[in-house]
Structure formats: C-alpha cells, structure tokens
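Enquirer:
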Amino acid sequence: MAGAPRTVRAHDRAHEVEVRIAHFAFDPTWIEILVGDSVIWINNDLAPHTATAKDAAWDTGSIDRGDTRRITFEAPGEHPYFCAFHPHMKGSILVRSRSEG
Amino acid sequence: MKTLALAVVLAATAADSGARAEEPMNDLEIAHAAYTAGGLDIRYAHLALAVSENDAVRDFAQTMIRDHSAVNEAAGALVTELNVTPQDNALSQALVEGAAAKRAKLMTLDGAAFDCAYANNELGYHQLVNKTVAESFIPAVTVAPLKALLEDALVTFRAHEKHAAQMVAGLRCAD
Chain F
1 MAGAPRTVRA HDRAHEVEVR IAHFAFDPTW IEILVGDSVI WINNDLAPHT ATAKDAAWDT
61 GSIDRGDTRR ITFEAPGEHP YFCAFHPHMK GSILVRSRSE G
Chain R
1 MKTLALAVVL AATAADSGAR AEEPMNDLEI AHAAYTAGGL DIRYAHLALA VSENDAVRDF
61 AQTMIRDHSA VNEAAGALVT ELNVTPQDNA LSQALVEGAA AKRAKLMTLD GAAFDCAYAN
121 NELGYHQLVN KTVAESFIPA VTVAPLKALL EDALVTFRAH EKHAAQMVAG LRCAD
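Here it is, written out as structure tokens:
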C-alpha cells in the first residue's frame with residue numbers, strides 16, 4: 001500500500017545489548033539478539049571477569065572494573081558462556097538470523 | 001563508632017601466634033588489616049603455584065592473586081585519594097604471624113597433602129575474614145568510601161569462599 005508507514009522493528013538494524021557484571025553474575029543472564037548485533041559487557045565488580053564462549057569460539061579477555069568489552073555476533077546459534085576466572089558465572093546468548101527474527 | 005571487639009576475631013585468626021588484642025580499631029587500622037589479609041592470601045597463592053600440580057588448586061590460586069590484587073589496588077587508590085596512611089595494628093600483626101606459621105606448615109607438604117591443606121586453609125581463611133569484614137569491619141568504619149570498598153570487597157571474598165568450598169569438595173580430601 002503506497003504511502004503507508006512501514007513497521008520498523010527494533011532489530012531492522014544492528015543493535016547493542018548491555019550485560020552488566022555485578023556481584024559475580026551476568027545480568028541479564030540470558031539474552032536474545034539478531035545476527036549483526038553486539039553484546040557489551042560492563043564490569044561493575046572489583047574483581048576482573050571475562051565472558052568466554054563455552055566452545056572457545058570467542059572471548060572478551062579480562063575486563064577490569066569499570067571497563068567494557070564488545071563482541072559482535074555474525075552467525076546464528078546458541079552461545080553459552082562463562083567467566084574464565086570464576087567459572088560458576090554463566091550466561092547464554094541466542095543469536096537469531098534476521099529472516100527468522 | 002570506632003569500638004570493635006577483636007578478642008573473638010584474634011582468638012581464631014592468631015591461634016598459631018597466640019597474639020591477642022583488646023583495643024578498639026579505627027578506620028585506618030581496619031584498612032591496614034583488610035589490606036594485609038588480602039596480601040597474605042596472595043602469598044598463599046604464590047606458594048600453591050610453586051608446589052601444586054593440581055589444575056583446580058592452581059586455577060584457584062591464580063584467581064586469588066588476580067582478585068586480591070584488584071581489591072588491594074582499589075584500596076591503594078582510595079588511600080591515595082583520601083591522603084591517609086593505614087596504621088599497623090595488633091590484628092594485622094596477628095594475621096601476619098599466623099600466616100607465616102601456616103606457610104611454614106604448608107611448605108613441609110606436597111602432592112595431595114599440600115592441596116588439601118591449602119584448600120582447607122583457604123576455606124577457613126575466607127570464612128573467618130568474611131565474618132570479620134561483615135560483622136566487625138563494615139559496621140565499625142566511619143568513612144563512607146572505605147565502607148563502600150569493604151562492601152564491594154566482601155562480594156569478592158564471599159565468591160572466593162564458595163569457590164574454596166567447591167575446591168575442597170572436588171579434592172575429596174576427606175576420603
């Protein structure tokens with residue numbers, strides 16, 4: 001329909017999602033994004049942390065207090081991850097393709 | 001409020017040294033004791049890395065060095081910012097003496113005996129430090145930034161206590 005406004009979804013372009021690290025936990029623990037989106041981890045703890053893929057496909061490296069690290073996800077799939085320094089800290093990212101999102 | 005009953009704390013922490021103190025601690029003494037406790041755990045960790053060949057023990061020790069260094073760096077930055085000098089005190093001295101005695105015992109061990117002794121010491125040490133920080137230090141300190149730092153540090157130390165408990169369980173030292 002010519003002239004009709006097109007519905008623009010939030011994910012029509014790449015987005016950044018923040019995951020805060022505090023009290024030795026990732027918050028939110030589980031996130032869902034689309035291909036091309038980025039996740040930014042922000043460490044609010046005194047202790048350094050990492051976000052490290054369980055399958056070792058990606059790793060933020062050490063994130064000191066107040067620092068941030070960004071990872072952009074270019075392929076769909078589930079990405080469970082943990083802190084390499086404190087392995088009880090776990091999170092997961094579900095990356096959907098843009099066609100299914 | 002600077003009154004702090006230390007008799008109970010010292011009775012436990014300084015069992016090896018026999019040290020006791022009854023005097024109240026001020027903020028600068030609390031800061032010194034907290035910094036000292038962190039430094040001593042770093043020394044335990046370096047000993048573990050020198051002796052142990054167990055991956056879980058070595059990973060824990062690396063974490064202690066990394067985390068306690070971060071906490072102590074934050075404490076050092078706060079001390080600089082506040083332009084104060086932490087004061088040595090009976091508790092710090094008792095901690096140092098007790099740790100020296102414990103390290104001497106640990107250095108006589110190797111293999112699984114060392115791993116279990118180190119792991120159990122780490123669990124007990126963190127339990128005691130965490131109780132002291134939560135129940136004595138944080139309620140007693142009067143300077144807000146120091147109280148905030150201790151509260152943040154306690155989050156880290158409590159994670160260490162859980163990690164140490166997992167390490168002890170994983171080593172199956174009681175078997």
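Chain order of the listed sequences is F and R.
For what it's worth, full-length UniProt numbering labels the leading residue of the first sequence as 1, then goes sequentially.
For what it's worth, full-length UniProt numbering labels the leading residue of the second sequence as 1, then goes sequentially.
Yeah, the Cβ is synthetic: ideal placement off N, Cα and C, and Gly gets one too.
For a contact meaning CB atoms closer than 7 Å, what does D153 (chain R) contact in chain F?
Expert: The question names Asp, but residue 153 (chain R) in the sequence shown is Ala. What A153 (chain R) touches in chain F: L46.
Enquirer: Thinking C-alpha only, which one of F:D67, F:W58, F:G36, F:E18 is nearest F82 (chain F)?
Expert: Checked all of F:D67, F:W58, F:G36, F:E18; the closest Cα to F82 (chain F) is F:W58.
Enquirer: Does the Cβ-Cβ distance between F73 (chain F) and A51 (chain F) come in under 9 Å?
Expert: No, the pair does not count as a contact, with Cβ atoms beyond the cut-off.
Enquirer: Near S69 (chain R), which residues of its chain fall below 6 Å by C-beta distance, leaving aside the five closest residues on each side in sequence?
Expert: Excluding residues within five positions, none has a Cβ falling inside 6 Å.
Enquirer: Near E151 (chain R), what residues of its chain come up, given a Cβ to Cβ distance below 8 Å and the 5 sequence neighbours on each side ignored?
Expert: Contacts found: I138.
Enquirer: For a cutoff of 9 Å on Cβ pairs, would you count A45 (chain R) as touching chain F?
Expert: Cβ-Cβ to chain F under 9 Å: no for A45 (chain R).
Enquirer: Distance, Cα to Cα, A101 (chain R) vs A174 (chain R)?
Expert: Between A101 (chain R) and A174 (chain R), the C-alpha separation is close to 23 Å.
Enquirer: Would you say S92 (chain F) and H79 (chain F) are within 9 Å of each other, going by their C-beta atoms?
Expert: It is a contact, given that the beta carbons lie within the stated cut-off.
Enquirer: Apply the 10 Å Cβ neighbour rule to P87 (chain F) and answer buried if 16 or more other Cβ atoms are within range, or exposed otherwise.
Expert: So P87 (chain F) ends up on the exposed side.
Enquirer: In whole angstroms, what separates the C-alpha of A119 (chain R) from that of N54 (chain R)?
Expert: Each residue's alpha carbon lies about 11 Å from the other.
Enquirer: In chain R, which residues lie less than 8 Å from H23 (chain F) when you measure between Cβ atoms?
Expert: Within chain R, the residues near H23 (chain F) are V155.
Enquirer: Pick helix, strand or coil for N83 (chain R), following the three-state DSSP scheme.
Expert: Coil.
Enquirer: According to the Cβ coordinates, are D88 (chain R) and E29 (chain R) closer than 9 Å?
Expert: Taking 9 Å as the Cβ cut-off, D88 (chain R) and E29 (chain R) qualify as a contacting pair.
Enquirer: Using Cβ-Cβ distances below 8 Å, what residues of the region 25-54 of chain F are close to chain R?
Expert: Residues passing the 8 Å Cβ filter: D45, L46, A47, P48.
Enquirer: Please look up how many angstroms separate the CB atoms of R65 (chain F) and L46 (chain F), rounded, as I've assumed it's under 8 Å.
Expert: Correct: roughly 6 Å between the Cβ atoms.
Enquirer: Under a Cβ-count criterion, where at least 16 other Cβ atoms within 10 Å of its own Cβ denotes burial, should M25 (chain R) be classed as buried or exposed?
Expert: So M25 (chain R) ends up on the buried side.
Enquirer: Have a look at G77 (chain F) and R69 (chain F) and give me their C-alpha separation to the nearest angstrom.
Expert: Answer to the nearest angstrom: the Cα atoms are 20 Å apart.
Enquirer: So I71 (chain F) is in the beta strand (DSSP E); what residue range does that whole segment cover?
Expert: Element bounds for I71 (chain F): 68-72.
Enquirer: Evaluate T63 (chain R) with the Cβ neighbour count: other Cβ atoms within 10 Å of its Cβ, from every protein chain shown; 16 or more gives buried, anything less gives exposed.
Expert: Buried.
Enquirer: Can you pull the chain F residues whose beta carbon is under 9 Å from the beta carbon of E66 (chain R), in chain order?
Expert: Looking at the sequence itself, residue 66 (chain R) is Arg, so the reference to Glu does not match. Per Cβ cutoff of 9 Å: A47, P48, S62, F85.
Enquirer: Using 10 angstroms around the beta-carbon of M89 (chain F), count the other beta-carbons present and answer buried if the total reaches 16, otherwise exposed.
Expert: Classification for M89 (chain F): buried.
Enquirer: With a threshold of 9 Å between beta-carbons, can R65 (chain F) be considered close to chain R, or not?
Expert: Yes, contact with chain R.
Enquirer: When you compare each of R:A159, R:T156, R:P86 to Y35 (chain R) by their alpha carbons, which one comes out closest?
Expert: Among R:A159, R:T156, R:P86, the Cα nearest to that of Y35 (chain R) is on R:P86.
Enquirer: Would you mind reading off the limits of the beta strand (DSSP E) that contains F82 (chain F)?
Expert: Start and end: 77-82.
Enquirer: Give me the Cβ distance between A106 (chain R) and A117 (chain R), rounded to the nearest whole Å; I'm assuming they're in contact under 8 Å.
Expert: The displayed chain sequence assigns Leu, not Ala, to residue 106 (chain R). About 6 Å separates the two Cβ atoms, so the contact holds.
Enquirer: Need the endpoints of the beta strand (DSSP E) that V39 (chain F) sits in, please.
Expert: Note, V39 (chain F): beta strand (DSSP E), 38-43.
Enquirer: Is L149 (chain R) near L78 (chain R), with beta carbons less than 9 Å apart?
Expert: Closer than 9 Å, so yes.
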